[in-house]
């Protein structure tokens, strides 16, 4: 049958590694070793996986770390962003084959 898949992940970029790993671990927001940047997923890799499973992307949304709010709140604060360079969400759909 058809269906929907919603993915939220971290992109494998230097900026994402700096913000999602180094900053978050350095100020104690997450335990050291929580994230392995080698396992982050680039959008082109997600598309390749999706296509191999018969899924098509419907929508993308970038997620950006609000650095100043994160430092002030001592909690990771995300906001919508236009860039997929740090974190992103993707809505994928598989059409019903019947």
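Numbering (my numbering), first residue to last: 1 to 98. Each residue gets a CB set at the ideal place from its N, CA and C atoms; glycine is no exception. Model, not experiment: these values are computed from the prediction.
N-terminal and C-terminal residue of the beta strand (DSSP E) that residue i is part of
i, result
"residue 6", "3 to 10"
"residue 56", "56 to 65"
"residue 46", "Not the beta strand (DSSP E): residue 46 falls in the alpha helix (DSSP H), residues 43 to 52."
"residue 93", "87 to 94"
"residue 78", "78 to 81"
Top-ranked residue by Cα proximity to residue i, from the options
i, options, result
"residue 17", "64, 46, 3 and 52", "64"
"residue 115", "82, 2 and 60", "In the structure displayed, the chain extends from 1 to 98; residue 115 sits before or after that span and is not available."
"residue 62", "82, 33 and 35", "82"
"residue 117", "4, 19 and 2", "The question about residue 117 has no answer, for the chain in this structure spans 1 to 98."
"residue 34", "22, 14 and 45", "22"
Contacting residues, own chain, Cβ-Cβ under 6 angstroms from residue i (five flanking each side not counted)
i, result
"residue 12", "40 and 42"
"residue 69", "77"
Counting Cβ pairs, one atom from each stretch, are 3 or more of them under 8 angstroms apart for the stretch 38 to 56 and the stretch 72 to 79? no
Validate contact between the stretch 80 to 98 and the stretch 24 to 33 using beta carbons, cut 8 angstroms, 3 pairs: no
Does the contact criterion of 3 or more C-beta pairs under 8 angstroms hold for the stretch 82 to 92 versus the stretch 6 to 15? yes
If you scan the stretch 19 to 43 from start to end, which runs of the alpha helix (DSSP H) of 4 or more residues do you find wholly inside it? none
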